[in-house]
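Peer 1: Sequential numbering from 123 applies to the sequence shown in our numbering.
Just so you know, even glycine gets a beta-carbon here, dropped at the ideal spot from N, CA and C.
Only a predicted model underlies this, so the values are computations on that prediction, with no experimental measurement involved.
Structure in structure tokens, see below.
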Amino acid sequence: MRISSIVVVEKKERPFWQIVLSILLGIIFINYLITLCNYLGEKYAGIASVVVLIASIGICTLIIMKLMSHFVYSIEEDTLVFERIIGKKRNIALTLKLDEITSLKPYKEVKKKDKEIALTYKFVCSREHDEYYAGEFERESKKYRFIFKPTEKMLEVINKSLE
Numbered sequence: 123m124r125i126s127s128i129v130v131v132e133k134k135e136r137p138f139w140q141i142v143l144s145i146l147l148g149i150i151f152i153n154y155l156i157t158l159c160n161y162l163g164e165k166y167a168g169i170a171s172v173v174v175l176i177a178s179i180g181i182c183t184l185i186i187m188k189l190m191s192h193f194v195y196s197i198e199e200d201t202l203v204f205e206r207i208i209g210k211k212r213n214i215a216l217t218l219k220l221d222e223i224t225s226l227k228p229y230k231e232v233k234k235k236d237k238e239i240a241l242t243y244k245f246v247c248s249r250e251h252d253e254y255y256a257g258e259f260e261r262e263s264k265k266y267r268f269i270f271k272p273t274e275k276m277l278e279v280i281n282k283s284l285e
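Here it is in structure tokens:
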């Protein structure tokens with residue numbers, strides 16, 4: 123199998139002091155919420171505290187997953203593959219045949235809230251919208267969109283398949 127192009131998209135590292143400050147502020151906020159729960163009365167205070175704790179764990183898990191993940195795009199022969207990497211674990215998020223792609227435009231030219239789009243896949247880590255592209259494809263008579271940050275070579279290969 124010949125690989126045409128591979129792109130690794132990673133987040134910029136945050137300074138250590140920002141991470142520590144975020145964690146401390148999060149802990150203080152959770153403590154404050156649990157303290158507020160104590161004013162609900164004996165009957166509801168314990169239940170509310172447990173709910174706040176479980177919600178906090180869920181939110182922290184989502185934040186950690188978002189901070190630790192990055193994306194790899196590759197074009198292998200006529201297939202575009204998007205992988206999400208969290209730590210050492212690689213998950214294929216989306217696989218597309220190049221001939222399935224119906225359009226590819228710069229992100230700035232795309233209508234953000236399109237009712238025809240069933241789901242939008244976002245394979246980006248930064249806020250550099252100028253470098254993003256949005257592609258669309260159809261499966262099972264539903265329209266889907268993917269947003270990514272390709273290289274020039276990758277754009278060239280995809281645009282050739284659109285012609």
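Do Leu226 and Tyr255 come within 7 angstroms of each other at the CB atom, strictly closer than that value?
Peer 2: Going by C-beta atoms, Tyr255 is nearer than 7 angstroms to Leu226.
Peer 1: In the region 153 to 235, which residue ranges form an unbroken alpha helix (DSSP H) of at least 4 residues, counting only runs that do not cross its ends?
Peer 2: You should have 164 to 190.
Peer 1: Within the same chain, show all residues whose beta-carbon is closer than 8 angstroms to that of Glu260, passing over the 5 residues directly before and after it, in chain order.
Peer 2: The answer, listed in chain order, is Glu222, Thr224 and Tyr266.
Peer 1: Considering only C-alpha positions, which residue in the set Ile156, Glu262 and Glu253 is nearest to Glu274?
Peer 2: Checked all of Ile156, Glu262 and Glu253; the closest Cα to Glu274 is Glu253.
Peer 1: Cutting at 8 angstroms between CB atoms, please list the residues of its own chain near Thr201, excluding the five before and the five after it.
Peer 2: These residues qualify, in order along the chain: Thr217, Leu218, Lys219 and Leu220.
Peer 1: Restricting to Cα atoms, I'd like to know which of Arg212, Val203, Ile208 and Lys282 is closest to Ile269.
Peer 2: When only C-alpha atoms are compared, the closest one is Val203.
Peer 1: Residues in its own chain within less than 8 angstroms of Met123 by CB, not counting five upstream and five downstream?
Peer 2: Below a pLDDT of 50, predicted positions are generally treated as unreliable, and Met123, at 42, falls in that range; the measurement from the model is reported next regardless. Counting only Cβ-Cβ distances below 8 angstroms, and skipping sequence neighbours, we find Glu198 and Glu199.
Peer 1: Hey, quick one: how far does the beta strand (DSSP E) through Lys237 stretch, first residue to last?
Peer 2: Unbroken run through Lys237: none, as it is neither H nor E.
Peer 1: Give me the DSSP bridge partner(s) of Gly257.
Peer 2: Answer is Leu226 and Phe268, bridged to Gly257.
Peer 1: Checking 7 angstroms against the spacing of the C-beta atoms, do Cys159 and Ser171 come in under that value?
Peer 2: Going by C-beta atoms, Cys159 is nearer than 7 angstroms to Ser171.
Peer 1: Name the two residues that bound the continuous alpha helix (DSSP H) containing Glu278.
Peer 2: Glu274 to Leu284 is the span of the alpha helix (DSSP H), which, as asked, contains Glu278.
Peer 1: May I have the straight-line CA-CA distance separating Leu143 from Lys211, to the nearest angstrom?
Peer 2: The straight-line gap from Cα to Cα measures roughly 28 angstroms.
Peer 1: Could you give the distance in angstroms between the alpha-carbon of His192 and the alpha-carbon of Ile208?
Peer 2: So the alpha carbons of these two residues sit roughly 7 angstroms apart.
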